[in-house]
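In the UniProt record's numbering, the protein residues as written are 1 to 137. Glycine included, each C-beta is placed from N, C-alpha and C at the ideal position. Only one structure is covered here, and it is reproduced in the block below.
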Amino acid sequence: MKLSSTRRNAQSGFTLIEVMIVVVVIGILASIAFPAYQQYVMRTYRDSAKACLAEHAQFMERYYSTNLTYVDADPTLDCTTESNMESRYTFALGDLAQNTYSLTAEVVAGSAQAGDECGDLGLTHTGAKSASAESCW
């Protein structure tokens, strides 16, 4: 006599509903995380621009201690081009005089940094800092 076995083919996998729930959850998490990531990137570039302004100020002070004037100083520093900085900020030296200078980091129009609340950053020979919002420095 032959014994017949009743084996069922077990199917494994996910149903369409389960997959759709996972897609919705991932979409919700991404919609929360991506704007936070963009803000983090803007803040990181802003901090890099502030550090670059400080480098420029240090160059200017070294120049002044050698020449006793800020006139004709031309700081060309690597910080303005590293980490793709030139696509977000333009660094400018203005108001050069015997005993004064001002530095600015201007946001490049149309760049990802253009949405930053701080806008252009500034630094003078006295160490005075400027930005669109007080909390930026």
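Cβ atoms of Leu-53 and Leu-96 stay farther apart than 8 Å, at about 16 Å. The C-beta distance from Leu-121 to His-56 rounds to 11 Å, too long to fall under 8 Å, and the pair is not in contact. For Tyr-89, the enclosing beta strand (DSSP E) stretches over residues 89-94. For the pair Arg-88 and Ser-48, the Cα-to-Cα distance works out to about 11 Å. Of the residues Val-41, Thr-76, Val-25, the one whose Cα lies closest to the Cα of Gln-58 is Thr-76.
In the structure shown, the three-state DSSP call for Glu-106 is strand. The three-state reading of DSSP puts Gly-27 in helix, counting H, G and I together.
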